[in-house]
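K.L.:
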Amino acid sequence: MSVAAKNSASSEGTRSVKRLISGNIAIPILVVALSAFGVLMVYSASCYAAETTYGDQFFFMKKQLVGFILGVGAMVAASFFPYSKLKKLKWPALIVSLVLLALVFIPGVGWANYGATRWIRLGPVTIQPSEIAKYGFVIFAAAYVAEKPDRMKRFVGMLPVLGAGGAICLLVILEPNMSITMCIGLLMVAMLFLSGAKIRYLLIILIPIVAAVPVLIIIEPYRLQRLYAFIDPWQSPQGEGYQLIQSLYALGNGGWLGVGLFHSRQKYRFLPFAESDFILSVIGEEFGFVGILLLFAVSGALIYFGAKTAARSRDLFGFLLASGITMVYAIQVVVNALVVSGSIPPTGLPLPLISAGNTSLIFTMAAMGILFNISKNAKRGVKTGRGKFIRGAS
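For the record, in the sequence shown the residue sitting at position 7 is 7 according to this note's numbering, with numbers rising by one throughout.
Dropping the structure here:
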């Protein structure tokens with residue numbers, strides 16, 4: 001190799017390293033830290049149940065570890081894939097999301113558990129399409145708006161985003177899964193707001209959504225029972241109020257500093273879904289109030305860096321894509337914390353990057369890889385309005 005070729009290769013390598021460092025490296029570091037902690041906590045929360053059910057105390061941890069490894073690979077790949085090319089995938093992202101959601105209703109393909117059909121089972125592998133659909137919607141909405149931002153000022157221009165979000169919400173609520181439906185609904189309204197939609201149009205959308213919530217609760221008896229359990233769980237301590245009571249026992253037992261790692265008592269078949277939807281209760285019991293504050297501090301830092309990445313994005317597509325990814329994570333963290341603490345009625349929603357569930361873990365890590373990718377290409381800009389920037393401004 002000639003001296004010139006060596007210098008060229010060295011220069012290219014230096015540029016690649018500088019580009020990597022120029023991105024917000026805190027994003028992948030925090031994601032890996034949270035996910036690794038999740039693997040540890042999945043083991044702690046599930047070891048007893050896994051031993052008594054499957055004869056292997058590492059059963060759930062092994063599955064989570066596989067998801068962690070695949071998630072890291074997906075995050076690395078997404079970090080180097082030019083995010084601008086996702087614009088061309090807006091329709092495939094939406095169509096694939098809708099098809100996967102529809103497949104859960106096909107006998108032999110969809111898999112029902114605890115009275116809900118939310119998964120696709122392919123041999124030993126299960127996929128939860130709603131976890132994929134959230135990001136499919138973000139890609140579609142961001143790309144659609146970025147093509148012609150001005151059309152979002154008209155109600156007709158908003159209809160494709162409304163139609164996409166509404167179709168996903170409809171399929172998810174039919175599973176049934178009201179918690180994810182509400183999260184996607186909030187995400188849709190937030191994306192419309194950031195896209196520059198007029199406030200009066202958003203109010204027109206919000207009124208029927210708010211009106212639909214009590215209707216959805218009333219038409220399903222189990223949702224009404226959960227509402228009663230939220231109001232007074234002690235009315236049904238062995239029924240609908242059981243899970244919330246056990247969650248509060250765990251949090252109360254943890255006190256300020258917790259009972260210590262692996263020493264949770266509620267995981268011994270007292271707290272249902274200890275390794276998934278209510279893993280935060282086990283974290284609170286083992287690490288106490290201080291431990292939960294530290295976890296929320298790390299999660300909050302990730303949300304902050306996501307918002308910072310969106311604010312510094314050099315284009316509208318990057319701004320909306322980064323905002324959407326950040327909001328998906330933030331909404332789920334907040335809702336899960338409110339459920340576990342008894343602040344809102346109990347609902348099944350995992351704590352992202354922490355709870356057991358490979359579909360959520362892999363796709364959340366991949367999405368965070370895209371977020372890091374956007375941060376690498378970001379420039380300082382002056383925002384002139386919702387979703388509008390002066391490029392290259394400092």
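For glycine and all other residues, C-beta sits at the position ideal for the given N, C-alpha and C.
Take residue 87 and list the residues in its own chain whose beta-carbon comes closer than 7 angstroms to its own, dropping the five residues that flank it on each side.
P.N.:
The sequence position of residue 87 within the sequence shown is 87, counting from 1. Cβ within range, chain order: 143, 146 and 317.
K.L.:
Applying the criterion that 16 or more other CB atoms from any shown protein chain within 10 Å of the CB defines a buried residue, is residue 374 buried or exposed?
P.N.:
As a first step, residue 374 must be located in the sequence shown, where it is residue number 374. Residue 374 should be labelled buried.
K.L.:
Among 189, 260, 268 and 214, whose alpha-carbon lies nearest the alpha-carbon of residue 247?
P.N.:
Taking the sequence shown and counting its residues from 1, the one referred to as residue 247 is at position 247. When only C-alpha atoms are compared, the closest one is 268.
K.L.:
Measuring alpha carbon to alpha carbon, tell me which residue in 377, 370 and 378 is nearest residue 78.
P.N.:
As a working mapping, residue 78 is identified with position 78 in the sequence shown. Of 377, 370 and 378, the residue nearest in Cα terms is 370.
K.L.:
Determine the DSSP secondary structure at residue 265, reduced to helix, strand or coil.
P.N.:
What you label residue 265 is simply residue 265 of the sequence shown in a count that begins at 1. In this structure, residue 265 counts as coil in the three-state DSSP scheme.
K.L.:
Does residue 109 come out as helix, strand or coil in the three-state DSSP assignment?
P.N.:
Your numbering for residue 109 matches position 109 in the sequence shown. Coil at residue 109, not helix or strand.
K.L.:
Express the C-alpha separation of residue 285 and residue 259 in angstroms, rounding to a whole number.
P.N.:
On the sequence shown, residue 259 is found 259 positions in, with the first residue counted as 1. On the sequence shown, residue 285 is found 285 positions in, with the first residue counted as 1. So the alpha carbons of these two residues sit roughly 6 angstroms apart.
K.L.:
Could you tell me the alpha carbon to alpha carbon distance between residue 66 and residue 179, rounded to whole angstroms?
P.N.:
Within the sequence shown, numbered from 1, the residue matching residue 66 stands at position 66. Within the sequence shown, numbered from 1, the residue matching residue 179 stands at position 179. Approximately 26 angstroms, taken between the alpha carbons.
K.L.:
So, is residue 306 buried or exposed, given that buried needs 16 or more other C-beta atoms within 10 angstroms?
P.N.:
Walking along the sequence shown from the start, residue 306 turns up at place 306. That one is buried.
K.L.:
Which residue spans inside the stretch 220–286 form an unbroken alpha helix (DSSP H) run of at least 4?
P.N.:
Fully enclosed alpha helix (DSSP H) runs of 4 or longer: 221–231 and 242–254.
K.L.:
Between which two residues does the alpha helix (DSSP H) holding residue 45 run?
P.N.:
The sequence position of residue 45 within the sequence shown is 45, counting from 1. Its alpha helix (DSSP H) spans residues 26–54.
K.L.:
Rounded to a whole number of angstroms, what is the C-alpha to C-alpha distance between residue 341 and residue 135?
P.N.:
Indexing the sequence shown from 1 puts residue 341 at position 341. Indexing the sequence shown from 1 puts residue 135 at position 135. Cα to Cα, residue 341 sits roughly 27 angstroms from residue 135.
K.L.:
What is the DSSP secondary structure of residue 378, counted as helix, strand or coil?
P.N.:
Here residue 378 refers to the residue found at position 378 when the sequence shown is read from its first residue. Coil.
K.L.:
Within its chain, find whatever has a CB closer than 6 angstroms to the CB of residue 17; leave out the 5 residues flanking it on each side and keep chain order.
P.N.:
Position 17 of the sequence shown, counted from the first residue, corresponds to residue 17. Note that residue 17 has pLDDT 49, beneath the 50 cutoff, so the model's placement of it is unreliable and the number below is only indicative. So no residue of the chain qualifies.
K.L.:
DSSP beta-bridge partners for residue 127?
P.N.:
The residue labelled residue 127 in the question sits at position 127 within the sequence shown. Partner(s): 120.
K.L.:
Given a cut-off of 8 angstroms on the beta-carbon distance, is the pair residue 157 and residue 354 in contact?
P.N.:
The count along the sequence shown starts at 1 and reaches residue 157 at position 157. The count along the sequence shown starts at 1 and reaches residue 354 at position 354. Cβ atoms of residue 157 and residue 354: not closer than 8 angstroms.
K.L.:
Assuming residue 84 is part of the alpha helix (DSSP H), what are its boundary residues?
P.N.:
Locating residue 84 in the sequence shown gives position 84, counting from the first residue. No alpha helix (DSSP H) holds residue 84; DSSP gives it neither H nor E.
K.L.:
Pull up the CB-CB distance for residue 320 and residue 333, whole angstroms please, since I reckon it's below 8 angstroms.
P.N.:
As a first step, residue 320 is located in the sequence shown; it is residue number 320 there, counting from the start. As a first step, residue 333 is located in the sequence shown; it is residue number 333 there, counting from the start. Wrong, their Cβ atoms sit about 20 angstroms apart, outside the cutoff.
K.L.:
Just to confirm, is the Cβ distance from residue 124 to residue 100 under 8 angstroms?
P.N.:
What you label residue 124 is simply residue 124 of the sequence shown in a count that begins at 1. What you label residue 100 is simply residue 100 of the sequence shown in a count that begins at 1. No; because the gap between Cβ atoms is not below 8 angstroms, this pair is not in contact.
K.L.:
Looking at C-alpha atoms only, which residue of 273, 255, 348 and 76 is the closest neighbour of residue 291?
P.N.:
As a first step, residue 291 is located in the sequence shown; it is residue number 291 there, counting from the start. Closest by alpha carbon: 255.
K.L.:
Go ahead and pull the three-state DSSP assignment for residue 370.
P.N.:
Here residue 370 corresponds to residue number 370 of the sequence shown, with the count starting at 1. Reduced to three states, the DSSP call for residue 370 is helix.
K.L.:
Within 10 angstroms of the Cβ of residue 240, are there 16 or more other Cβ atoms? Answer buried if so, exposed if not.
P.N.:
Walking along the sequence shown from the start, residue 240 turns up at place 240. The residue is buried, with at least 16 neighbouring Cβ atoms inside 10 Å.
K.L.:
In three-state terms, what does DSSP make of residue 198?
P.N.:
Stepping through the sequence shown from its first residue, residue 198 is reached at position 198. If DSSP states are grouped into helix, strand and coil, residue 198 belongs with coil.
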